[in-house]
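*Asks:* 372 is the number that full-length UniProt numbering gives to position 372 of the sequence shown; each next residue is one higher, with no gaps. All C-beta atoms in this analysis are idealised placements derived from N, C-alpha and C, irrespective of residue type, glycine included. Keep in mind it's a predicted model, so treat the numbers as computed, not measured.
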Amino acid sequence: MVFEIQYDPKILSHNQLIEAIEDTSFEVVLITSGEDRSKIHLKVDGVLTHPLMAMIETSLQTLPGVENVEIDPVVHKISIDYKPDQTGPRIFIQVIESVGSGRFKATIFPEEGWEPHKQDEIKEYYKSILRSLVFRIPIFLTSMVFMNIPGIKKGLDTKVVNMLSIGKLLRWILSTPVQFIIGRRFYTELHKALRHGSANINVLIALKTNVAYFFLVYSVLWATTSNNFKSADFFETSAMLISFILLGKYLEVLAKGKTSEAIAKLMDLAPDTTMLLTLDNEGSVANEEEIDSSLIQKNDLIKVIPGAKVALDGFVIWGQSHVNESMIMGEARPVAKRKGDTVIGGILNENGVLHVQVTRVGSESALSQIVRLVESAQMAKALVQKFADSISKYFVPLVIFLLFFTCLA
1 MVFEIQYDPK ILSHNQLIEA IEDTSFEVVL ITSGEDRSKI HLKVDGVLTH PLMAMIETSL
61 QTLPGVENVE IDPVVHKISI DYKPDQTGPR IFIQVIESVG SGRFKATIFP EEGWEPHKQD
121 EIKEYYKSIL RSLVFRIPIF LTSMVFMNIP GIKKGLDTKV VNMLSIGKLL RWILSTPVQF
181 IIGRRFYTEL HKALRHGSAN INVLIALKTN VAYFFLVYSV LWATTSNNFK SADFFETSAM
241 LISFILLGKY LEVLAKGKTS EAIAKLMDLA PDTTMLLTLD NEGSVANEEE IDSSLIQKND
301 LIKVIPGAKV ALDGFVIWGQ SHVNESMIMG EARPVAKRKG DTVIGGILNE NGVLHVQVTR
361 VGSESALSQI VRLVESAQMA KALVQKFADS ISKYFVPLVI FLLFFTCLA
């Protein structure tokens with residue numbers, strides 16, 4: 001599901017909006033803030049004292065185009081929101097290093113990327129499924145299979161206290177960890193939903209499994225105090241329901257992980273470094289320097305040699321060549337490029353040298369827009385899912401009401 005929210009950035013930030021939405025038990029991914037600005041994270045090597053951090057923050061905030069500066073002294077990370085039309089990362093690095101009088105070295109902060117977070121989430125669900133199986137399989141065997149084997153059934157039906165049998169006690173013990181330890185994530189989601197007065201599928205899951213579990217606990221306690229109590233227990237119901245839901249969640253995050261992997265491969269189309277050109281007063285090339293592609297700013301002049309990829313979107317101001325746009329456009333035939341032609345970041349230069357003036361950086365680039373489209377498609381729900389969500393708003397309260405009415409009856 002994709003939402004477009006209009007807000008005043010002077011009153012609150014998009015991070016505050018994200019936190020507010022996440023508090024309602026929804027997962028949020030920011031596609032774009034809708035503002036003509038970029039964000040960069042820099043790592044500072046050196047001893048950062050509080051006075052120096054204050055000096056760095058003040059120096060950066062005085063730069064034109066800088067909107068926000070955040071410093072994390074623990075990991076030596078500086079996050080800067082800025083307008084790419086007015087300033088850029090190389091200027092930030094110069095300011096930071098000048099404040100330290102050569103004692104600091106500023107570089108691009110290494111990005112963690114999608115993989116650590118997604119892999120951890122996938123592993124967590126996988127481990128939860130395995131843990132639930134450790135308990136669910138014995139519960140299923142003792143309630144469905146072994147009860148049809150006379151010798152084992154006799155042992156499971158042996159009474160411990162009054163009408164409480166070994167089988168019933170064993171199933172109670174095995175189902176408790178599934179209910180409260182493995183299924184604890186559903187209680188967290190239930191708390192978030194109730195705190196904000198919303199009802200979703202997690203409310204039904206927690207309600208159904210708890211009603212089933214505690215009713216059966218009640219029957220166990222009754223069996224311990226009665227000499228003629230006879231009732232079947234269904235401890236496997238809540239345990240199997242939690243296991244199946246965890247399996248569905250696992251398949252969901254696994255599918256999202258595959259999509260995120262495709263997005264990461266798209267981002268890898270851009271080269272890590274590029275050749276920055278500096279012109280003299282006569283317009284001739286005075287210097288060439290290989291720098292990190294993340295440090296490229298608008299209107300920079302870059303050199304693309306044969307076999308190299310174009311770092312960012314721009315137009316050719318000198319040279320001619322053929323480029324391979326198949327990675328971006330899907331066109332396998334080499335496309336001729338000469339002075340005045342536009343080029344897209346991520347395409348491969350084949351046989352000539354090109355001088356390109358950068359026109360779009362960061363979220364404005366074509367590659368970033370393609371990534372946003374893929375992310376938007378990943379987040380968007382199908383029509384049938386939207387229909388199901390609209391029904392659940394009324395269905396969940398109705399189920400709770402009927403359950404309460406049935407208990408009273």
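Apply the 10 Å Cβ neighbour rule to residue 184 and answer buried if 16 or more other Cβ atoms are within range, or exposed otherwise.
*Replies:* Under this definition residue 184 is an exposed residue.
*Asks:* Kindly indicate the opening and closing residues of the alpha helix (DSSP H) around residue 191.
*Replies:* Residues 184–195.
*Asks:* Given that a residue counts as buried once 16 or more other Cβ atoms are within 10 Å of its Cβ, and exposed if not, what is residue 211?
*Replies:* Under this definition residue 211 is an exposed residue.
*Asks:* Under DSSP, the beta strand (DSSP E) around residue 274 begins and ends at which residues?
*Replies:* Here the beta strand (DSSP E) through residue 274 covers 273–279.
*Asks:* Can you tell me whether residue 268 is buried or exposed? The criterion is at least 16 other CB atoms within 10 Å of its CB, across all chains shown.
*Replies:* When all chains shown are included, residue 268 counts as exposed.
*Asks:* According to DSSP, is residue 350 helix, strand or coil?
*Replies:* Coil at residue 350, not helix or strand.
*Asks:* Going straight from the alpha carbon of residue 97 to that of residue 107, what length do you get?
*Replies:* The alpha-carbon atoms of residue 97 and residue 107 are separated by roughly 10 Å.
*Asks:* Pull up the distance between the alpha-carbon of residue 248 and that of residue 131, whole angstroms please.
*Replies:* Between residue 248 and residue 131, the C-alpha separation is close to 15 Å.
*Asks:* State the DSSP-derived secondary structure class of residue 342, mapped to helix, strand or coil.
*Replies:* In this structure, residue 342 counts as strand in the three-state DSSP scheme.
*Asks:* On the CB-based measure, 16 or more other CB atoms within 10 Å of its CB, does residue 274 come out buried or exposed?
*Replies:* Buried, by the Cβ-count rule.
*Asks:* Which same chain residues, not among the five before or five after residue 40, have their C-beta less than 6 Å away from its C-beta?
*Replies:* If we look at residue 40 and ignore the five residues flanking it on each side, its Cβ neighbours are 80 and 89.
*Asks:* Quick one, which of 102, 85 and 46 has its alpha-carbon nearest residue 75's?
*Replies:* Considering only alpha carbons, the answer is 46.
*Asks:* According to DSSP, is residue 131 part of a helix, a strand, or is it coil?
*Replies:* If DSSP states are grouped into helix, strand and coil, residue 131 belongs with the helices.
*Asks:* Residue 305 and residue 353 - do their beta-carbons sit closer together than 8 Å?
*Replies:* Yes, Cβ-Cβ distance for residue 353 and residue 305 is below 8 Å.
*Asks:* Would you say the beta carbon of residue 141 is closer than 7 Å to some non-hydrogen atom of the ligand ZN?
*Replies:* In the structure shown, the ligand ZN is absent, as is every other ligand, since no ligand is present at all.
*Asks:* With a threshold of 8 Å between beta-carbons, can residue 147 be considered close to chain C, or not?
*Replies:* The structure shown contains no chain C; it holds only a single protein chain.
*Asks:* Quick one, which of 208, 259 and 313 has its alpha-carbon nearest residue 348's?
*Replies:* Selected option, being the one with the closest Cα: 313.
*Asks:* In terms of alpha-carbon separation, which member of 177, 168, 403 and 192 lies closest to residue 20?
*Replies:* Ranking the options by Cα distance to residue 20, first place goes to 192.
*Asks:* According to DSSP, what are the bridge partners of residue 336?
*Replies:* According to DSSP, residue 336 bridges with 322.
*Asks:* How many whole angstroms separate the CB atoms of residue 158 and residue 166, which I take to be in contact at a CB cut-off of 8 Å?
*Replies:* Confirmed, about 5 Å.
*Asks:* Between the alpha carbons of residue 120 and residue 250, how many angstroms are there, rounded?
*Replies:* Cα-Cα distance, rounded: 12 Å.
*Asks:* What does the alpha-carbon distance come out to for the pair residue 302 and residue 341?
*Replies:* Approximately 15 Å, taken between the alpha carbons.
*Asks:* Got a sec, what are the start and stop residues for the beta strand (DSSP E) residue 42 sits in?
*Replies:* Where residue 42 is concerned, the enclosing beta strand (DSSP E) stretches over 38–45.
*Asks:* With DSSP collapsed to three states, give me the class of residue 96.
*Replies:* Helix, per DSSP.
*Asks:* Assuming the contact rule is C-beta atoms closer than 8 Å, residue 309 and residue 346 should be a hit. Round their C-beta distance to whole Å, please.
*Replies:* Between residue 346 and residue 309 the Cβ distance is about 6 Å, and since that is below 8 Å, they are a contact.
*Asks:* Could you tell me whether the region 291–300 touches the region 317–324, using the rule of 3 or more Cβ pairs below 8 Å?
*Replies:* At 8 Å Cβ cutoff, the stretches do not touch.
*Asks:* Do residue 135 and residue 239 count as a contact pair if the criterion is CB distance below 8 Å?
*Replies:* Cβ distance < 8 Å, so residue 239 and residue 135 count as in contact.
*Asks:* Rounded to whole angstroms, what is the Cα-Cα separation between residue 376 and residue 257?
*Replies:* Going by the C-alpha atoms only, they are around 15 Å apart.
*Asks:* Beta carbon of residue 253, beta carbon of residue 129: below 8 Å?
*Replies:* Cβ atoms of residue 253 and residue 129: not closer than 8 Å.
*Asks:* Just reading off the alpha helix (DSSP H) that residue 159 is part of, what are its end residues?
*Replies:* Segment 159–161 is the beta strand (DSSP E) holding residue 159; no alpha helix (DSSP H) there.
*Asks:* Please state if the CB of residue 187 and the CB of residue 206 are separated by a distance shorter than 8 Å.
*Replies:* Yes.
*Asks:* I think residue 425 touches residue 168, with their Cβ atoms under 8 Å apart; what is that distance to the nearest whole Å?
*Replies:* With the chain covering only 1 through 409, there is no way to say anything about residue 425.
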